[in-house]
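Everything on this sheet refers to the single structure shown next.
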Amino acid sequence: QKEVEQNSGPLSVPEGAIASLNCTYSDRVSQSFFWYRQYSGKSPELIMSIYSNGDKEDGRFTAQLNKASQYVSLLIRDSQPSDSATYLCAVIQGAQKLVFGQGTRLTINP
Amino acid sequence: DAGVIQSPRHEVTEMGQEVTLRCKPISGHDYLFWYRQTMMRGLELLIYFNNNVPIDDSGMPEDRFSAKMPNASFSTLKIQPSEPRDSAVYFCASSNRSVPSPQHFGDGTRLSIL
């Protein structure tokens, strides 16, 4: 089992709809979770962090964490074509070591 | 504020040559990370430093790879000798001492070994 798993996609969503990205992790003691966005040919860019169970909202983005189920998700409301990118889920192991999932490629169709 | 700075942005070289990638972390950040990204394996951590000291190099693929951090503002990743399978995008990232702390990535070096 991979340490961090994501559906590689591609995930295609119509403009204005909600995009839902999912991630599961294997290490039960993990406490810190991040979502990075990576445009083609660019570096990963942090968009959300979440440390506690429940929801965390930032603009059009909502991160959801369920530690009992070892599940973290990212919702993007009112999806825009500019949201088309690869979304990487990352989990902290130990103090600072980040383990990334393979990423989900998201396409927003106008 | 300046972000993480990597050089060169692109490197094309022949198999067997030595390759040196450079990174300047964000000022004040105590942690520095080197990653490699390929289509097949995704984003992999190679090594990371805390206060210029290597903490975990378990991701370094083999002895041909080495990394140093002589001071708080500079790190290098060397490959000697290089092989075609080393072709990838290499990212440097840094973070500060607060736990947990998000990592901030440089623009990466796209390395092609012919």
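Protein sequences appear in the order of chains W and P.
Converting from the first sequence to the working numbering requires adding 1388 to each position, the first position being numbered 1.
Residue numbers are given in the working numbering: position 93 of the second sequence equals residue 82, and the series is strictly consecutive.
All C-beta atoms, glycine included, are put in the ideal place defined by N, C-alpha and C.
All values derive from a computational prediction rather than experimental measurement.
- Between arginine 25 of chain P and threonine 65 of chain P, the CB-CB gap reaches or exceeds 7 Å.
- Think of a sphere of 7 Å around the beta carbon of glycine 95 of chain P: the chain W residues whose beta carbon falls inside it are Ser1431, in chain order.
- Taking the Cα positions, threonine 1474 of chain W is about 21 Å away from serine 83 of chain P.
- Within the segment 1478 to 1493 of chain W, the residues whose Cβ lies closer than 7 Å to some Cβ of chain P are Ile1480, Ala1483, Gln1484, Lys1485, Leu1486, Phe1488, Gln1490, Gly1491, listed in chain order.
- Residue-level contact check: leucine 1462 of chain W does not touch chain P, since none of the beta carbons of chain P fall below 7 Å from its beta carbon.
- Taking a beta-carbon distance threshold of 7 Å, serine 1437 of chain W counts as an interface residue toward chain P.
- Around the beta-carbon of leucine 1409 of chain W, 16 or more other beta-carbon atoms lie within 10 Å, marking it buried.
- Taking serine 1431 of chain W as the centre and dropping the five residues before and after it, the same chain places no C-beta closer than 7 Å to its C-beta.
- Tyrosine 79 of chain P is outside the set of residues whose beta carbon lies under 7 Å from a beta carbon in chain W.
- Not flagged as an interface residue toward chain W: proline -3 of chain P, since no C-beta distance is shorter than 7 Å.
- Non-local C-beta neighbours of glutamine 1490 of chain W in its own chain, meaning closer than 7 Å and more than five positions away in sequence, comprise Gln1394, Ser1396, ordered along the chain.
- Exposure of methionine 4 of chain P is indicated by the presence of fewer than 16 other C-beta atoms within 10 angstroms of its C-beta.
- Valine -7 of chain P: not part of any beta strand (DSSP E); DSSP gives it neither H nor E.
- Using a Cβ-Cβ distance cut-off of 8 Å, the segment 1465 to 1485 of chain W and the segment 1415 to 1426 of chain W are in contact, since at least three pairs of beta carbons, one from each stretch, lie closer than that value.
- Within chain P, no C-beta atom comes less than 9 Å from the C-beta of phenylalanine 1449 of chain W; the nearest is roughly 15 Å away.
- DSSP, reduced to helix, strand and coil, places serine 1470 of chain W within a helical segment of the structure shown.
- Contact annotation: in the segment 41 to 67 of chain P, residues whose CB is within less than 9 Å of a CB in chain W are Ile44, Asp45.
- Annotated as proximal: arginine 1425 of chain W and isoleucine 1435 of chain W, with beta-carbon spacing under 7 Å.
- The Cβ of leucine 1453 of chain W sits no closer than 7 Å to any Cβ of chain P.
- Within the segment 8 to 36 of chain P, the residues whose Cβ lies closer than 7 Å to any Cβ of chain W are, in chain order, Tyr20, Gly31, Leu32, Leu34.
- For methionine 1436 of chain W, the uninterrupted beta strand (DSSP E) segment begins and ends at 1433 to 1438.
- Around the beta carbon of alanine 1407 of chain W, a 10 Å sphere encloses 16 or more other beta carbons of the protein chains shown; the residue is thus reported as buried.
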